[in-house]
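Peer 1: Protein chains in written order, with this note's numbering: chain F, 244 to 431; chain L, 244 to 431; chain B, 244 to 431; chain E, 244 to 431. Pasting in a structure now, in structure tokens, and then I'll have a few things to ask.
Protein chains: 4
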Amino acid sequence: MSNKKIGIFVGSLRRGSFSRSIAQAAVSFFPAELEFRFINIGDLPLYNQDFDDDGKPPASYEVFRHAVADLDGFLFVTPEYNRSIPAVLKNALDVGSRPYGHNVWNGKPGGIISVSPGGLGAFGANHHLRQPMVFLNVLLLQQPEAYISKVASLLNEKGELVDESTRTYLKNFIDAFSEWVRTISDAH
Amino acid sequence: MSNKKIGIFVGSLRRGSFSRSIAQAAVSFFPAELEFRFINIGDLPLYNQDFDDDGKPPASYEVFRHAVADLDGFLFVTPEYNRSIPAVLKNALDVGSRPYGHNVWNGKPGGIISVSPGGLGAFGANHHLRQPMVFLNVLLLQQPEAYISKVASLLNEKGELVDESTRTYLKNFIDAFSEWVRTISDAH
Amino acid sequence: MSNKKIGIFVGSLRRGSFSRSIAQAAVSFFPAELEFRFINIGDLPLYNQDFDDDGKPPASYEVFRHAVADLDGFLFVTPEYNRSIPAVLKNALDVGSRPYGHNVWNGKPGGIISVSPGGLGAFGANHHLRQPMVFLNVLLLQQPEAYISKVASLLNEKGELVDESTRTYLKNFIDAFSEWVRTISDAH
Amino acid sequence: MSNKKIGIFVGSLRRGSFSRSIAQAAVSFFPAELEFRFINIGDLPLYNQDFDDDGKPPASYEVFRHAVADLDGFLFVTPEYNRSIPAVLKNALDVGSRPYGHNVWNGKPGGIISVSPGGLGAFGANHHLRQPMVFLNVLLLQQPEAYISKVASLLNEKGELVDESTRTYLKNFIDAFSEWVRTISDAH
Numbered sequence: 244m245s246n247k248k249i250g251i252f253v254g255s256l257r258r259g260s261f262s263r264s265i266a267q268a269a270v271s272f273f274p275a276e277l278e279f280r281f282i283n284i285g286d287l288p289l290y291n292q293d294f295d296d297d298g299k300p301p302a303s304y305e306v307f308r309h310a311v312a313d314l315d316g317f318l319f320v321t322p323e324y325n326r327s328i329p330a331v332l333k334n335a336l337d338v339g340s341r342p343y344g345h346n347v348w349n350g351k352p353g354g355i356i357s358v359s360p361g362g363l364g365a366f367g368a369n370h371h372l373r374q375p376m377v378f379l380n381v382l383l384l385q386q387p388e389a390y391i392s393k394v395a396s397l398l399n400e401k402g403e404l405v406d407e408s409t410r411t412y413l414k415n416f417i418d419a420f421s422e423w424v425r426t427i428s429d430a431h
Numbered sequence: 244m245s246n247k248k249i250g251i252f253v254g255s256l257r258r259g260s261f262s263r264s265i266a267q268a269a270v271s272f273f274p275a276e277l278e279f280r281f282i283n284i285g286d287l288p289l290y291n292q293d294f295d296d297d298g299k300p301p302a303s304y305e306v307f308r309h310a311v312a313d314l315d316g317f318l319f320v321t322p323e324y325n326r327s328i329p330a331v332l333k334n335a336l337d338v339g340s341r342p343y344g345h346n347v348w349n350g351k352p353g354g355i356i357s358v359s360p361g362g363l364g365a366f367g368a369n370h371h372l373r374q375p376m377v378f379l380n381v382l383l384l385q386q387p388e389a390y391i392s393k394v395a396s397l398l399n400e401k402g403e404l405v406d407e408s409t410r411t412y413l414k415n416f417i418d419a420f421s422e423w424v425r426t427i428s429d430a431h
Numbered sequence: 244m245s246n247k248k249i250g251i252f253v254g255s256l257r258r259g260s261f262s263r264s265i266a267q268a269a270v271s272f273f274p275a276e277l278e279f280r281f282i283n284i285g286d287l288p289l290y291n292q293d294f295d296d297d298g299k300p301p302a303s304y305e306v307f308r309h310a311v312a313d314l315d316g317f318l319f320v321t322p323e324y325n326r327s328i329p330a331v332l333k334n335a336l337d338v339g340s341r342p343y344g345h346n347v348w349n350g351k352p353g354g355i356i357s358v359s360p361g362g363l364g365a366f367g368a369n370h371h372l373r374q375p376m377v378f379l380n381v382l383l384l385q386q387p388e389a390y391i392s393k394v395a396s397l398l399n400e401k402g403e404l405v406d407e408s409t410r411t412y413l414k415n416f417i418d419a420f421s422e423w424v425r426t427i428s429d430a431h
Numbered sequence: 244m245s246n247k248k249i250g251i252f253v254g255s256l257r258r259g260s261f262s263r264s265i266a267q268a269a270v271s272f273f274p275a276e277l278e279f280r281f282i283n284i285g286d287l288p289l290y291n292q293d294f295d296d297d298g299k300p301p302a303s304y305e306v307f308r309h310a311v312a313d314l315d316g317f318l319f320v321t322p323e324y325n326r327s328i329p330a331v332l333k334n335a336l337d338v339g340s341r342p343y344g345h346n347v348w349n350g351k352p353g354g355i356i357s358v359s360p361g362g363l364g365a366f367g368a369n370h371h372l373r374q375p376m377v378f379l380n381v382l383l384l385q386q387p388e389a390y391i392s393k394v395a396s397l398l399n400e401k402g403e404l405v406d407e408s409t410r411t412y413l414k415n416f417i418d419a420f421s422e423w424v425r426t427i428s429d430a431h
């Protein structure tokens, strides 16, 4: 296939974000035909439909919507906040879904990696994130799932993923994700 | 019981928000011993843990956290965005849950009303909202549930709830919610 | 593509099951290259891992597992029981997932139609059913979703779907489902 | 308070069920005023509304419904099957919820412990189980949550919970559960 542009969406704004560390490791395993770009979601004002109804969306919305529309697929790497999706990531989904009839996520392949400093792999975020994807028509990779637990213990002091078994696990996930992007892209 | 202060949280920022209309109808059914105050959640920056780690949370966070800490219970009235919780409401939950160990939602009673212009009563928002409440230890009213469908047809041109059967349904919900606030408050 | 065999799984055992009525309407819209067969799930004993560990699964398990393994895709038509999946349908998923390493659902396309006599389209069943599909690696159609509300009013006295707008809605769903089966099948 | 009768519901039928081991450890921490009884859910035929409509429910349904109606609270201890509730446990919920208007779970306190041989604490079962509880009006303990991971490593060869930190964790959970039963019972 021709090269595909994959947007990376990190669900945490923290400077030392564990999810960003894992995202950086993930893209290091991308095959040559998958290009990646980290998409900034931190400067999008909380979604308010008045913006669109008034025909004056914030400039950051327009930049974001164009950036997403230009992508061929999505990789979401996210922590869990209070057993669900961080607001910053849900906001990005909502901004990209509107105005009505202009859902920029529509029909493209996606994958989810959830990341936790604790023991439960951010399962709650991982699966809550899947429900809006049904409505947004993002075609999600089902298997393998990717839950990263106790993430702090897997990184070195520079935030690089050094745990070998997690590196293998992540590489396998990216292999399946790449194949899934290919499957969905070829079908269109 | 002595008077209880109930915070009303509306999950939409739109000027003509249907959820706010329903919230206003709901509080009109409050018994005398329940005071209410609408809590502003629209000006809270997207949660970033650096704010708290640096010891410099936005002023709006501090105002919000104090306001919530002062409440005796919560009523959430929300639309569904893309089959889940609007980011603005999830953000409010996240801001109130932090910094770690200072969860201002902890141990108080809550209720949920979900509101939709369509036919499915915003079920997806209603139930996704329940999952963070487990972690936040908000003690939720289970029955009756409150799903409002086809909301535009229930309001007059001023946004007032005029549909009689929905008014009865909402009054019954508020009666049960009031009893629940009493149960939980008496136990503490 | 060559003909594909689609299994129809109805989540209710009731003689006059509304879900079975909707399933029968759905298959009437199948294109020629989709064959269908209703798969019996009502006589599967509640899953107990001892059956497999002892090497003595009930005969009905073996029949069921072979039947599912022989399919090219799945259509689930289900009511909601207590805001979630009926046990009879969850049991079928569990039986087909085992013994470990022999998941007969693996890698095939699927679709979900949820059916309710009430107003909320059995949303809770529809979306709870999606979570096991992640683990089972059933590749689910995302859009359109299919929620059927107030089903009794859509059928005639013989249980036939006669409501025209629902017939169109269901036909559109089956068109998308057929296309999805084709996409996934071609990729394998 | 006077003594309360708590039903223990184990979501696995396996002879060597890990969940039953954890349930046995849990009841060993019950205070004197909580009596417990393990409720058999393994011989309930898959729910079929015809049984009730015909006025001929299986004898096991009648025994079960009377047993649950006689309880003052519920403790559910369950594995996860395919990221959701085992069918055997969902079936018990469904049987107890019917016939319409005779929900024997209604208005009583409950708690959930989820148990996994893997690393994610059966989060998917724990939270999926909470959704029917809303409809059934079981008043659930929110905090602490109880997720038991890697359960095989916590038990001795007789299936007794010997891991000290898990024993403490479970005892704390039971203390909070007991207090919750007291709160809800006193309110009625």
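Backbone N, C-alpha and C define an ideal beta-carbon position, used for all residues, glycine too.
Chain L partners of Asn380 of chain E, CB-CB under 7 Å?
Peer 2: Per Cβ cutoff of 7 Å: Gln385 and Gln386.
Peer 1: Just to confirm the assignment, what range does the beta strand (DSSP E) spanning Arg257 of chain F have?
Peer 2: No beta strand (DSSP E) contains Arg257 of chain F, which DSSP labels as neither H nor E.
Peer 1: Any idea what DSSP makes of Lys393 of chain E, helix, strand or coil?
Peer 2: Looking at Lys393 of chain E - three-state DSSP - the assignment turns out to be coil, as it is neither helix nor strand.
Peer 1: Output the distance between the C-alpha atoms of Ile356 of chain L and Ser264 of chain F, rounded to the nearest integer angstrom.
Peer 2: Looking at the two C-alpha atoms, the distance is approximately 38 Å.
Peer 1: Note down, in chain order, every chain F residue with its Cβ under 9 Å from the Cβ of Thr321 of chain B.
Peer 2: Those within 9 Å of Thr321 of chain B in chain F number zero; the least Cβ separation is about 16 Å.
Peer 1: Give me the residue from L:Gly362, L:Arg326 and L:Leu379 with the minimum Cα distance to Asn369 of chain L.
Peer 2: Comparing Cα positions, the closest option is L:Arg326.
Peer 1: So, are the CB atoms of Gln386 of chain B and Asn380 of chain F less than 8 Å apart?
Peer 2: A contact, by the Cβ cut-off of 8 Å.
Peer 1: Check whether the Cβ of Ile328 of chain E lies closer than 8 Å to any Cβ atom in chain B.
Peer 2: Yes, because at least one Cβ of chain B sits closer than 8 Å to the Cβ of Ile328 of chain E.
Peer 1: From the beta carbon of Arg258 of chain B, is the nearest beta carbon of chain F less than 8 Å away?
Peer 2: False, the Cβ-Cβ gap to chain F never drops below 8 Å.
Peer 1: List, in chain order, every chain D residue whose beta-carbon is nearer than 7 Å to that of Tyr390 of chain F.
Peer 2: Reference to chain D is not applicable here, since the protein chains of this structure are F, L, B and E.
Peer 1: Where does the unbroken alpha helix (DSSP H) through Phe307 of chain B begin, and where does it stop?
Peer 2: Looking at the DSSP string, the run of the alpha helix (DSSP H) that includes Phe307 of chain B is Ala302 to Ala312.
Peer 1: In chain F, which residues lie with their C-beta within 7 Å of the C-beta of Leu336 of chain L?
Peer 2: Simply Asn325.
Peer 1: With DSSP as the reference, identify every bridge partner of Val377 of chain F, one or two as the case may be.
Peer 2: BP columns for Val377 of chain F are empty, so no partner.
Peer 1: What first and last residue would you give for the beta strand (DSSP E) that runs through Glu278 of chain F?
Peer 2: First-last of the beta strand (DSSP E) with Glu278 of chain F: Leu277 to Phe281.
Peer 1: Where do the ends of the beta strand (DSSP E) carrying Leu318 of chain F lie?
Peer 2: Its beta strand (DSSP E) spans residues Gly316 to Thr321.
Peer 1: Nearest chain E C-beta to Phe366 of chain F closer than 8 Å, yes or no?
Peer 2: Taking Cβ atoms only, chain E reaches closer than 8 Å to Phe366 of chain F, which makes this a yes.
Peer 1: DSSP on Val358 of chain L, reduced to helix/strand/coil?
Peer 2: Strand.
Peer 1: Output needed for Val347 of chain B: all residues of its chain with C-beta closer than 7 Å, excluding positions within five of it in sequence on either side, in chain order.
Peer 2: Correct list, in chain order: Arg308, Val311, Ala312 and Gly339.
Peer 1: What residues of chain F sit near His309 of chain E, judged by a beta carbon separation below 7 Å?
Peer 2: Result: empty, since nearest Cβ-Cβ is about 36 Å, beyond 7 Å.
Peer 1: For Leu256 of chain L and Val331 of chain L, I'd like the C-alpha separation in whole angstroms.
Peer 2: Cα to Cα, the separation comes out at about 8 Å.
Peer 1: Could you check which residue in L:Glu388, L:Thr321, L:Val306 and L:Thr411 has the C-alpha nearest to that of Pro288 of chain L?
Peer 2: Residue L:Val306 is the option with its Cα nearest to Pro288 of chain L.
Peer 1: Counting along the chain, where does the alpha helix (DSSP H) carrying Asn246 of chain B start and finish?
Peer 2: Note, Asn246 of chain B: premise wrong, no alpha helix (DSSP H); not H, not E.
Peer 1: Alpha helix (DSSP H) containing Ile339 of chain E: first to last residue?
Peer 2: Correcting the residue identity first, residue 339 of chain E is Gly in this sequence and not Ile. From DSSP, the alpha helix (DSSP H) with Gly339 of chain E extends over Ala330 to Ser340.
Peer 1: With burial defined as no fewer than 16 other Cβ atoms inside 10 Å of the residue's Cβ, what is the status of His371 of chain B: buried or exposed?
Peer 2: Answer is buried; the Cβ neighbour count reaches 16.
Peer 1: In the DSSP assignment, the alpha helix (DSSP H) including Trp348 of chain F goes from what residue to what residue?
Peer 2: Note, Trp348 of chain F: premise wrong, no alpha helix (DSSP H); not H, not E.
Peer 1: Which residues does DSSP list as the beta-bridge partners of Ile284 of chain B?
Peer 2: Note: Ile284 of chain B sits in no beta bridge, so no partner.
Peer 1: Asp293 of chain E touches chain B at which residues, Cβ-Cβ below 8 Å?
Peer 2: The contacting residues are Leu256, Arg257 and Arg258.
Peer 1: Taking only the alpha-carbon atoms, compute the straight-line gap between Tyr390 of chain L and Phe366 of chain L and give it to the nearest angstrom.
Peer 2: So the two alpha carbons sit approximately 7 Å from each other.
Peer 1: Out of L:Ile284, L:Tyr290 and L:Asn283, point me to the one whose CA is closest to Asp286 of chain F's CA.
Peer 2: Checking every option, the nearest Cα to that of Asp286 of chain F belongs to L:Tyr290.
Peer 1: Considering Ala419 of chain F, what are the terminal residues of the alpha helix (DSSP H) in which it resides?
Peer 2: Here the alpha helix (DSSP H) through Ala419 of chain F covers Glu407 to Ala430.
Peer 1: Are the C-beta atoms of His370 of chain E and some chain L residue less than 8 Å apart?
Peer 2: Closer than 8 Å: yes.
Peer 1: Quick one: which chain L residues come within Cβ less than 8 Å of Val424 of chain E?
Peer 2: What Val424 of chain E touches in chain L: nothing, since even the nearest Cβ is about 11 Å away.
Peer 1: Of the choices L:Ser396, L:Gly344, L:Ser245 and L:Ile427, whose alpha-carbon is the least far from that of Leu382 of chain E?
Peer 2: Ranking the options by Cα distance to Leu382 of chain E, first place goes to L:Ile427.
Peer 1: Counting only C-beta atoms, is Asp429 of chain L closer than 8 Å to chain E at any point?
Peer 2: Chain E, which has a Cβ nearer than 8 Å to the Cβ of Asp429 of chain L, makes this yes.
Peer 1: Closer than 8 Å, CB to CB, is Leu397 of chain B near chain E or not?
Peer 2: Chain E contact via Cβ: absent.
Peer 1: What first and last residue would you give for the alpha helix (DSSP H) that runs through Gln292 of chain F?
Peer 2: Unbroken alpha helix (DSSP H) run through Gln292 of chain F: Gln292 to Asp296.
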